[in-house]
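These protein sequences, in sequence, are chains A and B.
For reference, each letter of the first sequence is one residue, going 1 to 112 in this note's numbering.
For reference, each letter of the second sequence is one residue, going 1001 to 1114 in this note's numbering.
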Amino acid sequence: ILNVEQSPQSLHVQEGDSTNFTCSFPSSNFYALHWYRWETAKSPEALFVMTLNGDEKKKGRISATLNTKEGYSYLYIKGSQPEDSATYLCAVNSGGYQKVTFGTGTKLQVIP
Amino acid sequence: KAGVTQTPRYLIKTRGQQVTLSCSPISGHRSVSWYQQTPGQGLQFLFEYFSETQRNKGNFPGRFSGRQFSNSRSEMNVSTLELGDSALYLCASSRSGQGGQPQHFGDGTRLSIL
């Protein structure tokens, strides 16, 4: 069973602050890492998919990095806004198909 | 383009009953995965279907089963319901189910067992 860990579990930041979260996973048998944003009363929304060591992806104020050798990924949010409040999920594929293991998420609340 | 549609949105059942949940993927998507979320747990993978075949299965008892039809629509069935089956069930689709593709999620079915 693949163990995907996310930290911190929850986070409160002030509007305008930058923040980051961590996703840790076993580095063996790695295929792909996904980040999703899950807002309350909505469905999870895909942010990034990363497969290569050293990958960096960016979408507006949100970016992510991947280190497959040491088994971690960081998600960064620059200048947090209240609309960034959500749970951020990390998911890892250890095979080629859609059998993913999700972490329990980091719940972010941005205070205006 | 319509998103992933799950029906029903809410369901209340009693212990011992069975239930069938439905998922219509995005048009053109052939891979459908099912997940369970219970309080305090991350999304737990149930199974994945591609071209009417179950390709992957998570660690759930045999009471949980599914199928996929030729139009890629999928159903999930849970028999002999237990209180612990109360959860949000999410369905997700992707074009071919390759691990490097993002999944598109439906809004879920919230199942409550009395």
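Ideal Cβ positions, reconstructed from N, Cα and C, are used throughout, including at glycine.
Remember, it's a predicted structure, so these values are computed and weren't measured experimentally.
query, result
"Along the chain, where does the beta strand (DSSP E) that runs through B:Q1068 open and close?", "F1064 to Q1068"
"Return the residue from the list A:T40, A:E39 and A:A46 that minimises the CA-CA distance to A:L33.", "A:A46"
"Could you please give me the residues that DSSP links to B:R1055 through a beta bridge?", "DSSP, once it has assigned bridges, lists no residue as partnering B:R1055."
"Tell me the DSSP secondary structure of A:L2 in three-state form.", "coil"
"How about A:Y74: is its C-beta nearer than 8 angstroms to some C-beta of chain B?", "no"
"Below 8 angstroms between beta carbons is the criterion; list the residues of the segment 100-111 of chain A that meet it against any residue of chain B, in chain order.", "V100, T101, F102, G103, T104 and G105"
"Whose C-alpha, out of A:I111, A:G95 and A:S7, is nearest the C-alpha of B:R1055?", "A:G95"
"At least one CB of chain B closer than 8 angstroms to the CB of A:P26: is that the case?", "no"
"Using 8 angstroms as the threshold, is the C-beta distance between A:L108 and A:Y76 below it?", "no"
"Could you give the DSSP three-state label for A:E83: helix, strand or coil?", "helix"
"Using the rule of at least 16 other Cβ atoms within 10 Å of the residue's Cβ for burial, across every protein chain shown, is B:N1077 buried or exposed?", "exposed"
"Tell me whether B:I1012 is buried or exposed, calling it buried when 16 or more other Cβ atoms sit within 10 Å of its Cβ.", "exposed"
"Would you kindly work out how many angstroms separate the C-alpha atoms of A:S43 and B:Q1098, rounded to a whole number?", "21 angstroms"
"Roughly how many angstroms lie between the CA atoms of B:G1033 and B:N1071, to the nearest whole one?", "Checking the sequence, you will find Ser at residue 1033 of chain B rather than Gly. The alpha-carbon atoms of B:S1033 and B:N1071 are separated by roughly 15 angstroms."
"Give the range of the beta strand (DSSP E) segment to which A:R37 is assigned.", "A32 to W38"
"Return no unless some Cβ of chain B is closer than 8 angstroms to the Cβ of A:T65.", "no"
"Could you tell me whether any Cβ in chain B is nearer than 8 angstroms to the Cβ of A:T51?", "yes"
"Identify whether B:L1083 lies in helix, strand or coil by the three-state DSSP scheme.", "helix"
"Could you check whether the segment 8-26 of chain A touches the segment 56-73 of chain A, counting it as contact only if at least three pairs of C-beta atoms, one from each stretch, sit closer than 8 angstroms?", "yes"
"For B:L1114, count neighbouring C-beta atoms within 10 Å of its own C-beta (all shown protein chains included) and say buried if the count is 16 or more, exposed if not.", "exposed"
"Tell me whether the segment 1092-1107 of chain B and the segment 1029-1043 of chain B touch, counting them as touching only if at least three CB pairs, one residue from each stretch, are closer than 8 angstroms.", "yes"
"I need the DSSP call for B:Q1103, collapsed to helix, strand or coil.", "coil"
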